[in-house]
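Read through the structure below, which is laid out as C-alpha cells, and then see the notes.
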Amino acid sequence: MIVRTWHGCVPLKHADGFAKHLEKTGVEHSKSIDGNRGALVRRETQGDWEHFFLATYWQDLQSVKDFAGENYHVAVTYPDDEQFELLSDPYVFQHVVDAISPL
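Right under this line is the structure:
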C-alpha cells in the first residue's frame, strides 16, 4: 500500500471554508479513483494559520498516477484554492507501507 501525504495552510479566517473545499476537492477526488483506499485530513492551528495535512491511501503506484498524473510527486491543486490564500507545499511524498493500524 502507498500513503501519499500533502500539507498546506491558510489564514485562520479561511480555515473552515477551506476545510469544506478540501473535502469537496482533494478528498472526494481521491476517493473517486479506482485503487484509493481512503483519505484522512488533520488540522492544526499555529498562530494565524491553519495547517491541513491530507493523507490518501492507495493500492499501488498506478492508482496514485491515475489520481495525480505521471508527475505524481507534484501536489494536485484545484482552481478555487487561491480564494482561500492557500500556501501549498509544491511536492508530496509517497510512502510504501505494509499495513495501516487504525487510530
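The letter at position 1 of the sequence shown is residue 1013 when you use the numbering used here, and the numbering goes up by one with no holes. Think of the CB as a built atom: it goes at the ideal place given N, C-alpha and C, for glycine as much as any other residue.
Short Cβ contact (9 Å threshold) for residue i with residue j
{"i": "H1033", "j": "F1096", "result": "yes"}
{"i": "H1107", "j": "T1017", "result": "yes"}
{"i": "I1014", "j": "V1104", "result": "no"}
{"i": "A1087", "j": "R1055", "result": "no"}
{"i": "G1020", "j": "F1064", "result": "yes"}
{"i": "T1089", "j": "L1098", "result": "yes"}
{"i": "E1062", "j": "H1026", "result": "yes"}
Close-in-space but distant-in-sequence residues of the same chain around residue i (CB under 8 Å, 5 per side omitted)
{"i": "D1092", "result": "H1033, T1037"}
{"i": "I1112", "result": "M1013, V1015, Y1069"}
Which of helix, strand or coil DSSP assigns to residue i
{"i": "V1109", "result": "coil"}
{"i": "T1037", "result": "helix"}
{"i": "P1102", "result": "coil"}
{"i": "A1067", "result": "strand"}
{"i": "V1015", "result": "strand"}
Selection from the options that minimises the alpha carbon distance to residue i
{"i": "V1076", "options": "G1050, D1028, K1025, R1055", "result": "G1050"}
{"i": "Y1069", "options": "D1046, Y1103, L1024", "result": "D1046"}
Cβ neighbours of residue i in the same chain (closer than 7 Å, five flanking residues each side left out)
{"i": "F1052", "result": "Before going further, note that residue 1052 is Leu rather than Phe in the sequence given. For L1052, where only same-chain residues beyond five positions count, the Cβ hits under 7 Å are A1067."}
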